[in-house]
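Trainee:
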Amino acid sequence: MTKKRKSHYHADMLSVEEARNKILSQFQPLKKEKISLDQSLGCVIYKDIISKINVPPWDNSAMDGYAVLHKDVKNASQEKKVFLDVIEEISAGSIPKTVIKEGQSARIMTGAPVPSGADAVVPFEDTNELEEKSSESIGININVEKFENIRKKGEDISKGDKIIKIGDEISPAVIGVLASLGYSEIDVFRRPKIGILSTGNELMEPGEPVQKGKIYNSNTLSISSLSKLYGAIPVTQTHSLDTIEDLENKLSNFEEVDLIVTSAGVSKGDYDVVKDVLNKNGDMNFWSVNMRPAKPLAFGKININNRNIPLLGLPGNPVSAMIAFEKFGRYAIDKMMGKKIKHRPIIKAILQEDIHNFDGRRLYARVKVEKSTRSEIIVTPLKNQSSGVLTSMFLSNGLAICPSGTDILNKGQEIDVEMFGWNEEISEIIN
Ligand code: AMP
Ligand code: MG
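Per our numbering, the sequence shown starts with residue 493, numbered consecutively.
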């Protein structure tokens, strides 16, 4: 059964994009920080990197073999071996001592500098090394082109190249390249600190014994984990009771953070002590956002020990809190970290069960996307879409988008799904 859409809901609602833009306008990229390269994964480069060295620093051998003059071996073949004197052995990490002249060669290992005079490397397997072992002379079975099996100096990076630019995100490959240039520290946009406070008299902390009438506080840890995943540094504390004293006391611990994130107590209509405290100490907006889950959202600035700190108030329902943080908090963190605005990848998938959208808000339904045995991308909504059912967040790998004003997405229809990660992560169904 499809319930009637209540269109009056839309009158004073902000779209997801409007709310996000209002939020993003209040953030700037943070200042520079020098950090150790091995702590920089996910950060953003603050200053262009101009290489001071060549990579590789010298011509070096791409194979284990013999460094030769290519003209010496131009007529060599299996039948007509060319014999050369071996005047040196060069291992990786050592420096050649001799110059290779006509009729001479050097035994060389992969990565070792090619000695002067030599202009090609013949791999071991194209010599008689295994049959007639001799350290003084080597028989060459093939001819090689000039520079064959030689990796040229600066082939990867040349001195003076602008190799990594401000705004580039630091991936494992970027870390590898920076290490290859000799960096052990790097200037990045500072990672933001996110103060996280869950509120509610009904909460108890994980690790505490079960108490009647209480539920475990899951939002603090799910939101702090998302913060880490997005590259920020979470600063958490135990939940606050719904009292002015406890709320103000807990918030006062956040004077050092770049963003405060609270959960619960921000619904527009209801009386709530959280709203009172935020209003009294700051300049807050309480919005209804045209999305489901996570309609109620608070955003503004709050004064803590004379610092005005942005505050994002998430709804209390565990799924709503996570989705609202993904839709708004992540963008704020990205902007502070100097990242470009990045949306999640949206893919097309064939819907396996109807999705009903009861009140016409934009619905983000938790779904499981898979590749069928016929190699089609299929999408199945999780049975229970309640915003209190937190298991739906780990059983799903994406959010199906039902546009605002659309009452139903039909089974068999191709729909848009916003993936939590990249498409490669879609697993195949194997019979
Ligand atoms: P509220 O936003 O206060 O109306 O809360 C909505 C629902 O989310 C209620 O069922 C709360 O008990 C639940 N809830 C609020 N905060 C948390 C939290 N930190 N962890 C788990 N559930 C919560
Ligand atoms: Mg509450």
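Virtual Cβ for every residue (Gly too), placed ideally from N, Cα, C.
Which residues mark the beginning and the end of the beta strand (DSSP E) in which Asp472 is found?
Mentor: The structure shown does not extend to residue 472, since the chain is modelled only from 493 to 923, so the question has no answer here.
Trainee: Roughly how many whole angstroms lie between the Cα atoms of Ala841 and Leu695?
Mentor: Cα to Cα, the separation comes out at about 39 angstroms.
Trainee: In chain order, which continuous runs of the beta strand (DSSP E) of length 3 or greater are located wholly inside the stretch 795 to 847?
Mentor: Correct list: 799 to 806 and 838 to 843.
Trainee: Consult DSSP for Ile736 and reduce its assignment to one of helix, strand or coil.
Mentor: Ile736: helix per DSSP, three-state reduction.
Trainee: Near Arg784, what residues of its chain come up, given a Cβ to Cβ distance below 6 angstroms and the 5 sequence neighbours on each side ignored?
Mentor: Taken in chain order, the residues that qualify are Arg853 and Leu855.
Trainee: Between the alpha carbons of Val565 and Ile634, how many angstroms are there, rounded?
Mentor: Their backbone Cα atoms lie some 7 angstroms apart in a straight line.
Trainee: I'd like to confirm something about Asn745: is its beta-carbon nearer than 7 angstroms to some heavy atom of the ligand AMP, or not?
Mentor: No, since every heavy atom of the ligand AMP falls outside the 7 angstroms radius drawn around the Cβ of Asn745.
Trainee: Which word fits Gln703, buried or exposed, when buried means at least 16 other C-beta atoms lie within 10 angstroms of its C-beta?
Mentor: By the 10 Å Cβ count, Gln703 comes out exposed.
Trainee: Count the other CB atoms within 10 Å of the CB of Val508; is the residue buried (16 or more) or exposed (fewer)?
Mentor: Val508 comes out buried.
Trainee: Could you check what DSSP says for Asp775 in three-state terms: helix, strand or coil?
Mentor: Looking at Asp775 - three-state DSSP - the assignment turns out to be strand.
Trainee: Between which two residues does the alpha helix (DSSP H) carrying Lys644 extend?
Mentor: Counting along the chain, Lys644 falls outside any alpha helix (DSSP H), and DSSP gives it neither H nor E.
Trainee: Just to check, is the beta-carbon of Asn693 closer than 7 angstroms to a non-hydrogen atom of the ligand AMP?
Mentor: No - the ligand AMP has no heavy atom lying nearer than 7 angstroms to the Cβ of Asn693.
Trainee: Between the C-alpha atoms of Tyr708 and Lys831, what's the straight-line distance to the nearest angstrom?
Mentor: In a straight line, the C-alpha of Tyr708 is about 34 angstroms away from that of Lys831.
Trainee: With a CB to CB cut of under 6 angstroms and the five nearest residues on each side skipped, what residues in its chain are close to Leu739?
Mentor: Taken in chain order, the residues that qualify are Ser732 and Val769.
Trainee: Compare the Cα-Cα distances from Val680 to each of Leu887, Lys903, Leu529 and Ser879 and report the closest residue.
Mentor: When each option's Cα is compared against that of Val680, the closest is Leu529.
Trainee: Mapping DSSP to helix, strand and coil, what is Thr590?
Mentor: Of the three classes helix, strand and coil, the one that applies to Thr590 here is coil, per DSSP.
Trainee: Give me the Cβ distance between Ser759 and Pro788, rounded to the nearest whole Å; I'm assuming they're in contact under 8 angstroms.
Mentor: 4 angstroms between Cβ atoms; contact.
Trainee: Check Lys496 in the structure and name its three-state DSSP category.
Mentor: Residue placement at Lys496 is poorly supported in this model, since its pLDDT is 49, which falls under 50; the coordinates are not used for a value here.
Trainee: By the three-class DSSP mapping on this structure, what secondary structure does Thr883 have?
Mentor: Helix, per DSSP.
Trainee: May I have the straight-line CA-CA distance separating Lys657 from Val614, to the nearest angstrom?
Mentor: Rounded to the nearest angstrom, the two C-alpha atoms are 39 angstroms apart.
Trainee: Should Asn876 go down as buried or exposed, given a rule of 16 or more other Cβ atoms within 10 Å for buried?
Mentor: Burial call: exposed.
Trainee: Measuring straight from C-alpha to C-alpha, what distance separates Ile579 and Ala554?
Mentor: Roughly 20 angstroms separates the two Cα atoms.
Trainee: Would you mind reading off the limits of the beta strand (DSSP E) that contains Ala598?
Mentor: Gln596 to Ile600 is the span of the beta strand (DSSP E), which, as asked, contains Ala598.
Trainee: Taking buried to mean at least 16 other C-beta atoms within 10 Å of its own C-beta, is Ile477 buried or exposed?
Mentor: For residue 477 there is no data in the structure shown, the boundaries of the chain being 493 and 923.
Trainee: Comparing the CB of Pro549 with every heavy atom of the ligand AMP, is any distance shorter than 7 angstroms?
Mentor: Pro549: no, Cβ never under 7 angstroms from the ligand AMP.
Trainee: By how many angstroms is the C-alpha of Asp851 removed from the C-alpha of Ile752?
Mentor: Taking the straight line from one Cα to the other gives about 31 angstroms.
Trainee: Hey, out of Glu737, Ser884 and Pro726, whose CA is closest to Glu746's CA?
Mentor: The question names Glu, yet the displayed sequence has Phe at residue 746. Considering only alpha carbons, the answer is Pro726.
Trainee: Could you tell me if Pro810 is buried or exposed, where buried requires 16 or more neighbouring beta carbons within 10 angstroms of its beta carbon?
Mentor: Pro810 is buried by the Cβ-count criterion.
Trainee: Does any residue of chain C bring its CB to less than 8 angstroms from the CB of Glu510?
Mentor: The structure shown has no chain C; it contains just one protein chain.
Trainee: Under 7 angstroms from any heavy atom of the ligand AMP, does the C-beta of Ala724 make it?
Mentor: Checking every heavy atom of the ligand AMP against the Cβ of Ala724, none is found closer than 7 angstroms.
Trainee: Do Thr691 and Ser755 have their C-beta atoms closer together than 8 angstroms?
Mentor: Contact: yes.
Trainee: Run the CB neighbour count on Thr682, radius 10 Å, all protein chains shown included, and call it buried at 16 or more, exposed below.
Mentor: It should be noted that the sequence gives Arg, not Thr, for residue 682. With 16 or more Cβ atoms within 10 Å of its Cβ, Arg682 is classed as buried.
Trainee: Note down, in chain order, each residue of its chain lying with its Cβ closer than 8 angstroms to the Cβ of Ser499, except the 5 sequence neighbours on either side.
Mentor: Confidence at Ser499 is low in this model, with a pLDDT of 48, below 50, so its placement is unreliable and the value that follows should be read with caution. Closer than 8 angstroms at the Cβ level, and outside the excluded window around Ser499, lie Gly852.
Trainee: Return the CA-CA distance between Tyr722 and Gly687, expressed in angstroms with no decimal places.
Mentor: Cα to Cα, the separation comes out at about 14 angstroms.
Trainee: Please state the DSSP three-state secondary structure of Lys863.
Mentor: Strand.
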